[in-house]
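First residue of the sequence shown: 296, per my numbering; consecutive thereafter.
The C-beta atom is built at its ideal place from N, Cα and C for all residues, glycine as well.
Each remark here refers to the structure printed beneath this line.
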Amino acid sequence: MIIGLLKEPAHETRVSLLPEHVVALKKLNVHVLVEKDAGQTAFANDEKYSEAGAEISSRNSIFEKADVLLCINPLDANETNSCKGKILIGFYQALFNANLISQWNSNNCTVFSMDMLPRTTRAQSMDVLSSQANIAGYKAVLLAANLFPRYFPMFMTAAGSIAPAKLLILGAGVAGLQAIATGKRLGAVVEVFDTRPAVKEEVMSLGAKFIEVEGAADASKAGGYAVEQTEEFLQRQKAKIAESVAKSDIIITTAQIPGKKAPVLITKEMIAQMKNGSIIIDLAAATGGNTECTVNDQIINVDGVTIAGNSKLPCSMPSDASKLYGKNILNFLQLIINKEGQLNLNFEDDLVAGTCVAHAGNITNDRVKQLIN
Ligand code: NAD
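And the structure:
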């Protein structure tokens, strides 16, 4: 079997595999083609890929020869024909890109959208959402610390005392939990909201305060993902959040619902109540943002509050982001490659079936199918 590693579009710094992952694939009897300069922005050069046993190739040659194409981002629309009949594996956000999946399907591609992986214990080693969200949570706090005109930790010095920064985190998923841990390490006092009461213990074990709002919709049957809340719950939550927002110095928002617009948790009025110099880092910016004012990919100032809308923070740490993403992909590839290095798609396996969105001319995921127009 031949796996082709493609160079990502210009805005991307990460790459699907690093040379260390190529070494592991060679042991699985797989031949790896790497597009020239594919790993450059992740600090992995062609020489290192060659030493690992890969063959450096042109993009066209990869389209011609590879059975499996690896690219984190969707391929360019004008390349749809070039990937006829191929297996595509990437972070395609299938619930937001259903029409693109449909186009690939018309070209007989088998598409694995890694963000659709079920959130089960066995899936953890392949969970690209988690490995990348962990980086986003860590970097969100560092970005906030850079933008914040004050210290994070408490200081008692001869020149006076500094109170610790008050950090509020909305959404305690993977990114939120890492943001708590990082904020605590820097000495902030941390408060957290989430609609899933199950995270209360995790939040408290990290030394943060969990703010409870009664009556959230039950997400226990949603495969670990959040579900939409009732309007009545959101109103009560808003009132509770408003109290915390007004006294916070820094807010990191991470609340997302797969396939849906992110919930607006912070209104213009709440922002107007914040102190001058406060910071909001909105990790949900790409899906609409958790504040009414967020602009995706921009840092703006609203009433003296800096709001950074940034859903691309994993790209700011391309080496480790690629190291973890590549290991996730390697673990997933091991599910679909047999000992002889041949492709073996077992759709009885819930992880293979759950991640697959198109196969043999069919859209295989019902939610994606419903979203095609
Ligand atoms: P996510 O990025 O989808 O959402 C971030 C957080 O926002 C979630 O905790 C969610 O509950 C919260 N949220 C959504 N709407 C909200 C609202 N209106 N107000 C406040 N908070 C809101 O989350 P994620 O990091 O992808 O994690 C989702 C779930 O999957 C978690 O339960 C996590 O523990 C679970 N998980 C399981 C595995 C596994 O077993 N393989 C791996 C990772 C995560």
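Could you check where the alpha helix (DSSP H) with residue i kicks off and where it finishes?
| i | result |
| --- | --- |
| Ala476 | Val469 to Arg480 |
| Asn633 | It is not in any alpha helix (DSSP H) - Asn633 carries neither H nor E in the DSSP assignment. |
| His316 | Pro314 to Lys322 |
| Thr650 | Asp645 to Thr650 |
| Ser500 | Lys495 to Ser500 |
| Val540 | Glu526 to Lys542 |
| Glu587 | Unbroken run through Glu587: none, as it is neither H nor E. |
| Glu330 | Unbroken run through Glu330 is the beta strand (DSSP E), His326 to Glu330; no alpha helix (DSSP H). |
| Glu342 | Asp341 to Glu346 |
Assign residue i to buried or exposed, taking buried as 16 or more other Cβ atoms, counted over all protein chains shown, within 10 Å of its Cβ.
| i | result |
| --- | --- |
| Ala567 | exposed |
| Met409 | buried |
| Thr405 | buried |
| Gln473 | buried |
| Lys618 | buried |
| Phe627 | buried |
| Thr525 | exposed |
| Thr416 | exposed |
| Arg480 | exposed |
| Met282 | Outside the displayed range of the chain (296 to 668) lies residue 282, so it cannot be described from this structure. |
| Ile595 | exposed |
| Ser425 | buried |
| Gln530 | exposed |
Out of the options, point me to the one whose CA is closest to residue i's CA.
| i | options | result |
| --- | --- | --- |
| Lys302 | Glu315, Ser425 and Lys331 | Lys331 |
| Ile546 | Thr525, Ile576 and Phe528 | Ile576 |
| Met421 | Asp645, Gly432 and Ala435 | Asp645 |
| Met612 | Tyr433, Lys570, Ile632 and Thr582 | Tyr433 |
| Thr477 | Val329, Ala431, Ala454 and Thr490 | Ala431 |
| Ala305 | His326, Asn633 and Gly334 | Gly334 |
| Cys366 | Gly299, Ala349 and Val484 | Gly299 |
| Val600 | Arg309, Asn641, Lys563 and Gln665 | Lys563 |
| Glu359 | Leu323, Ile382 and Ser345 | Ile382 |
| Val485 | Phe528, Glu315 and Phe447 | Phe447 |
| Gly471 | Pro553, Val327 and Leu578 | Leu578 |
| Pro459 | Val597, Val469, Ala467 and Pro444 | Pro444 |
| Thr308 | Tyr620, Phe407, Ala550 and Arg531 | Tyr620 |
| Pro553 | Gly583, Val318 and Glu538 | Gly583 |
| Val325 | Leu312, Met296 and Pro609 | Met296 |
| Val663 | Ala349, Val327, Asn394 and Leu501 | Asn394 |
| Gln551 | Thr490, Glu346 and Ala349 | Thr490 |
| Leu312 | Val363, Asn355 and Ser356 | Val363 |
| Gly636 | Glu315, Pro314, Lys322 and Val318 | Lys322 |
Identify the continuous beta strand (DSSP E) that holds residue i and give its terminal residues.
| i | result |
| --- | --- |
| Lys461 | Lys461 to Leu465 |
| Asn596 | Ile594 to Val597 |
| Ser352 | Glu350 to Ser352 |
| Ile546 | Ile545 to Thr548 |
| Ile566 | Unbroken run through Ile566 is the alpha helix (DSSP H), Lys563 to Ala567; no beta strand (DSSP E). |
| Leu370 | Premise fails: Leu370 is in no beta strand (DSSP E) and is neither H nor E. |
| Ile297 | Ile297 to Leu300 |
Tell me residue i's beta-bridge partners as DSSP assigns them.
| i | result |
| --- | --- |
| Ile602 | Ile575 and Ile595 |
| Val310 | For Val310, which the question treats as bridged, DSSP gives no partner whatsoever. |
| Asn657 | His654 |
| Ile382 | Val363 and Thr405 |
| Lys504 | Glu486 |
| Leu638 | Ile632 |
Next on the checklist: Restricting to runs no shorter than 3 residues, where is the beta strand (DSSP E) found entirely within the region 390-471?
Outcome noted: 405-408, 450-452, 455-457 and 461-465
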